[in-house]
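Student:
In the numbering used here, the protein residues as written are 387 to 526.
1. Does the distance from the CB of residue 461 to the CB of residue 420 come in under 8 Å?
2. Under the assumption that residue 482 contacts residue 500 (Cβ atoms under 8 Å), give the Cβ distance between them as a whole number of angstroms.
3. Inspect the CB distances between the region 462-469 and the region 484-491 and report whether three or more fall short of 8 Å.
4. Can you tell me whether DSSP reads residue 426 as helix, strand or coil?
5. Round the Cβ separation of residue 448 and residue 416 to the nearest angstrom and send it over; I've been treating them as touching at under 8 Å.
6. Can you name the start and end residues of the alpha helix (DSSP H) that residue 523 belongs to?
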């Protein structure tokens with residue numbers, strides 16, 4: 387817990403609006419992806435074809451859309467940002483792995499890698515000073 391407090395103090399001392407914009411953009415992107423997955427069931431089934439023979443394949447399908455949807459909202463407002471970004475990691479690793487097991491799509495692979503790097507950054511950096519987390523912390 388001490389490490390998280392140190393990271394929060396560092397992040398709050400080194401907060402910048404472009405990083406807040408990046409956090410909001412990441413959250414909006416994940417939210418839109420969650421809505422796309424919920425709206426286009428056929429695309430999601432096609433995307434999950436490489437994992438068809440694996441146990442828990444349906445669990446994967448039912449985890450992706452809500453995790454992107456709810457995680458995107460949490461990241462946009464800066465509430466539980468680290469936890470929301472951690473929840474995205476299995477999906478993003480799966481997205482990268484899908485490109486190697488299924489058909490290789492360089493565009494999707496590069497987007498998945500960029501989003502993975504952004505999530506890893508916000509796991510370390512946190513939500514920053516302009517967030518609900520910071521507001522709630524200052525209310526105490």
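Backbone N, C-alpha and C define an ideal beta-carbon position, used for all residues, glycine too.
Tutor: Well, looking at it:
1. no
2. With 8 Å as the limit, residue 482 and residue 500 do not qualify as a contact, their Cβ atoms being about 11 Å apart.
3. no
4. coil
5. The Cβ separation is near 17 Å, so there is no contact.
6. 518-525
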